[in-house]
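Taking my numbering, the leading residue of the sequence shown gets 1112, the next gets one more, and so forth.
Glycine included, every Cβ here is placed at the ideal spot set by N, Cα and C.
Bear in mind the structure is a predicted one, so any value in this text is a computation, not a measurement.
Below: the structure, in structure tokens.
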Amino acid sequence: MTSPTAQLAAAGVSIWLDDLSRSRISTGNLEQLISSRSVTGVTTNPTIFAGALSNGESYAPAVAELAKAGTGVDEAIFTITSTDVRDACDIFRPVYDATNGVDGRVSIEVSPDLAHDTEGTVAQAKDLFGRVDRENVLIKIPATKAGLPAITEVIGAGISVNVTLIFSLERYAEVIDAYVAGLEKAKAAGLDLSKIHSVASFFVSRVDTEVDKRLTAIGSDEALALKSKAGVANARLAYELFEQKFAEEGAQALVAGGANVQRPLWASTGVKDPSLPDTLYVTELAAAGTVNTMPEKTLEATFDHGVVTGDTITANYADAHSVFEQLAAVGVDFADVTQVLEDEGVEKFIGSWHELQDTVKTALDAAK
């Protein structure tokens, strides 16, 4: 009997762990997850690093060295996090080679303070790419309005990108267009398109949290019957859009010339509502060519009791469209939902970034 995570991988879903710490690297935990849980990549964000640094004795020697050198807080953060990401990239290098660059990826995010600064994002993306100095790194750029031209510019420079914080189909379409424009730019510059990869991180559980709050407030039987359906439906329609957009002539011509499609990635897949199955955002969002980035708790739940039944997306487009027709009928303004979620998402990451700065400043001060 193969494990549910192995079955998921066999169905064409790449399993990436949504966590990284120096102890995971030093203890051999990442290698264990690769061999026992079919994990083929890692994503990080400021929240993850804030947690790792606040709980991690393993960072004490590095912090002491940086404090002795008089390193500033932001420089210390990028030194510490890029080292972790570089070491994780080396661990995943065999996966990267075996999958021809599709997997074996480790993500590192530009500062959330730059979410509305196109030029600053581009500059920092290039800086992080140089710091990590591994071709299997992905630079995370948020899908804000200012992030879109940054995505084009960074892809155009031949740097692989993880586009994060996507909530709406409208913004997702713009993200795909930004990626395709970046490939055109890279092609014009004579770069090898086959080396450029990208994922588009579509957030799932947060959609249900916000929509369900509104459905509860509406309170009708029709509204309450729609609870916990929006997140999965929204992601399924994102996959439908992915299929449509990459079937377009311009994208097809680039793929024919060696370019890669930008794979949909399901993020925020930890279930927030305890009444729901803890593997909901994994088993209901399985389809070839997708990535599911899971917190460890979700990964272990999937390994333990996930029921994988193959593709659970493409046969359910009509149902997903119906969910959104019903949401509109009961009075849920989904455009407002996604704008609120984007604004909140940026603010949460900025808050985590500032928390990370405080954690590192305290550690540096204590080490002096």
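Contact check, residue i vs residue j, beta carbons under 8 Å
| i | j | result |
| --- | --- | --- |
| residue 1464 | residue 1130 | no |
| residue 1441 | residue 1333 | yes |
| residue 1323 | residue 1338 | yes |
| residue 1378 | residue 1275 | yes |
| residue 1243 | residue 1312 | no |
| residue 1413 | residue 1390 | yes |
| residue 1265 | residue 1297 | no |
| residue 1200 | residue 1133 | no |
| residue 1289 | residue 1253 | no |
| residue 1310 | residue 1365 | no |
| residue 1304 | residue 1369 | yes |
| residue 1255 | residue 1471 | no |
| residue 1171 | residue 1466 | no |
Buried or exposed by the 16-neighbour rule on C-beta atoms within 10 Å, applied to residue i
| i | result |
| --- | --- |
| residue 1433 | exposed |
| residue 1335 | exposed |
| residue 1291 | buried |
| residue 1098 | Outside the displayed span of the chain (1112 to 1479) sits residue 1098, for which this structure offers no information. |
| residue 1356 | buried |
| residue 1363 | exposed |
| residue 1331 | exposed |
| residue 1146 | exposed |
| residue 1426 | exposed |
| residue 1176 | exposed |
| residue 1340 | buried |
| residue 1183 | exposed |
| residue 1205 | exposed |
| residue 1482 | Absent from the model: residue 1482. The displayed extent of the chain is 1112 to 1479, so no value can be given. |
| residue 1198 | buried |
| residue 1345 | buried |
Length of the line joining the Cα atoms of residue i and residue j
| i | j | result |
| --- | --- | --- |
| residue 1308 | residue 1373 | 7 Å |
| residue 1140 | residue 1202 | 11 Å |
| residue 1385 | residue 1113 | 27 Å |
| residue 1178 | residue 1209 | 40 Å |
| residue 1462 | residue 1188 | 15 Å |
| residue 1173 | residue 1315 | 36 Å |
| residue 1231 | residue 1446 | 28 Å |
| residue 1349 | residue 1280 | 6 Å |
| residue 1219 | residue 1418 | 31 Å |
| residue 1180 | residue 1186 | 11 Å |
| residue 1278 | residue 1207 | 28 Å |
| residue 1407 | residue 1421 | 22 Å |
| residue 1167 | residue 1359 | 48 Å |
| residue 1273 | residue 1221 | 11 Å |
| residue 1122 | residue 1410 | 16 Å |
| residue 1475 | residue 1155 | 22 Å |
| residue 1293 | residue 1319 | 32 Å |
| residue 1063 | residue 1453 | Nothing can be reported for residue 1063: it is not among the residues displayed for the chain, which extend from 1112 to 1479. |
| residue 1371 | residue 1473 | 43 Å |
| residue 1116 | residue 1127 | 11 Å |
| residue 1439 | residue 1259 | 28 Å |
Same chain, Cβ closer than 6 Å to residue i, neighbours up to 5 away in sequence not counted
| i | result |
| --- | --- |
| residue 1295 | none |
| residue 1158 | 1463 |
| residue 1317 | 1379 and 1452 |
In DSSP terms, what residue i is bridged to
| i | result |
| --- | --- |
| residue 1152 | 1127 and 1216 |
| residue 1374 | 1310 |
| residue 1275 | 1253 |
| residue 1366 | DSSP lists no partner for residue 1366. |
| residue 1403 | 1126 and 1377 |
| residue 1248 | 1217 |
Contact set for residue i: own chain, Cβ-Cβ below 8 Å, skip 5 residues either direction
| i | result |
| --- | --- |
| residue 1228 | 1257 |
| residue 1125 | 1151, 1152, 1213, 1214, 1374, 1401, 1402 and 1403 |
| residue 1423 | 1394, 1395, 1396, 1397 and 1398 |
| residue 1451 | 1321 |
Sequence-distant residues of its chain with Cβ nearer than 7 Å to residue i (five each side left out)
| i | result |
| --- | --- |
| residue 1240 | 1248, 1250 and 1270 |
| residue 1118 | 1419 |
| residue 1329 | 1441 and 1442 |
| residue 1142 | 1202 |
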